[in-house]
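Read through the structure below, which is laid out as structure tokens, and then see the notes.
In the working numbering, the protein residues as written are 221 to 335.
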């Protein structure tokens, strides 16, 4: 069973930065794609950013130019660098790994941006 463990969440002021990490218990190179999702209170979960095994990235319009997803295959870790954070970025951020027809999820990490 693959495990994904997120870290790096916390409380930050508007305009600040955070870097989230997602450590996998197995090689992330075997995943077709990995991504970060978020869910704010009362809202549905949304894709924030994703990266394929070939390094192709995709971002939600709301975070383009502010967030950067990257992967370190040697460390089996995916990162989400978040800059210029806004209060509307407040949510639980979860890591996802897609392996064939299967989806694996981490437990989530809270990001709170104060105004």
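Built from N, CA and C at the ideal position, the CB exists for glycine as well.
Local conformation of residue i per DSSP, three classes
i	result
residue 293	helix
residue 410	What the structure shows of the chain is the stretch from 221 to 335, and residue 410 is not part of that stretch, so it cannot be assessed.
residue 283	helix
Closest by C-alpha distance to residue i, when choosing among the options
i	options	result
residue 286	224, 238, 231 and 226	238
residue 231	305, 325 and 241	305
residue 293	241, 282, 259 and 263	241
residue 226	316, 284, 279 and 332	316
residue 314	245, 265 and 222	265
Rounded C-alpha distance that separates residue i from residue j
i	j	result
residue 325	residue 297	14 Å
residue 247	residue 301	21 Å
residue 327	residue 312	9 Å
residue 277	residue 249	15 Å
residue 308	residue 329	16 Å
residue 224	residue 261	23 Å
residue 288	residue 320	24 Å
residue 245	residue 281	30 Å
residue 318	residue 229	22 Å
residue 259	residue 291	22 Å
residue 333	residue 221	33 Å
residue 322	residue 251	10 Å
residue 263	residue 243	26 Å
residue 273	residue 233	33 Å
residue 310	residue 275	27 Å
* To do: Would you check if there are 3 or more beta carbon pairs closer than 8 Å linking the segment 269-277 to the segment 251-259?
  => yes
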